[in-house]
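**Q**
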Amino acid sequence: MSDMNCPYCEAECEVCHDDGHGYSEDTRHEHECHSCGKMFVFETVITFDYHPIPADCLNTGDHEWEPSFTYPIEYTKGVCKHCHKERKATDEDMAAAVAYRAKLKHRASSPKGEAE
Ligand SMILES: [Zn+2]
Ligand SMILES: [Zn+2]
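Position one of the sequence shown corresponds to residue 333 (my numbering), numbered consecutively onward.
1. Cα-Cα, which of Ala343, Asp388, His438 is closest to Glu364?
2. For a minimum of 3 consecutive residues, which ranges assigned as the beta strand (DSSP E) are wholly contained in the segment 337-410?
3. Starting from the N-terminal side, write out each stretch of the beta strand (DSSP E) that is 3 residues or longer and does not extend beyond the segment 414-440.
4. On a CA-only basis, which of Pro339, Gly410, Glu424 is nearest Cys368? Give me that one, please.
5. Please identify the residue among Ala421, Pro384, Ser356, Tyr403 whose C-alpha is closest to the C-alpha of Cys415.
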């Protein structure tokens with residue numbers, strides 16, 4: 333795996349990170365191409381991978397709470413399925429948790445499933 337390509341000859345160049353060289357951002361680091369011998373500079377851009385998921389509940393919508401399926405059931409919390417915010421389980425969450433469990437049981441016992 334190479335870090336970058338020489339801007340002159342396209343040769344693959346490795347950045348030597350000894351002493352943390354090449355890690356600081358917004359600095360131009362000098363590098364000599366091992367292939368054509370030309371000097372060039374590079375900037376370090378640290379990238380992260382983000383996985384965006386729309387969260388309408390943080391805009392105009394409501395949180396969509398669902399029970400956390402914690403065991404034992406008494407510790408159930410409400411968790412928004414979009415933003416993963418937690419809230420103390422309401423009666424509604426508890427009811428949903430109980431209903432979900434009942435459904436699982438039901439599904440296990442009936443081959444057709446999908447009781448809704
Ligand atoms: Zn080169
Ligand atoms: Zn939410």
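In this text, a Cβ means the ideal position worked out from N, Cα and C, and glycines have one as well.
**A** According to the structure data:
1. The count along the sequence shown starts at 1 and reaches residue 364 at position 32. The residue with the shortest Cα to Cα distance from Glu364 is Ala343.
2. 360-364, 371-375, 397-399
3. 418-420
4. Numbered from 1 along the sequence shown, position 36 holds the residue referred to as residue 368. Closest by alpha carbon: Pro339.
5. Against the sequence shown, residue 415 aligns to sequence position 83. The shortest C-alpha separation from Cys415 is found at Pro384.
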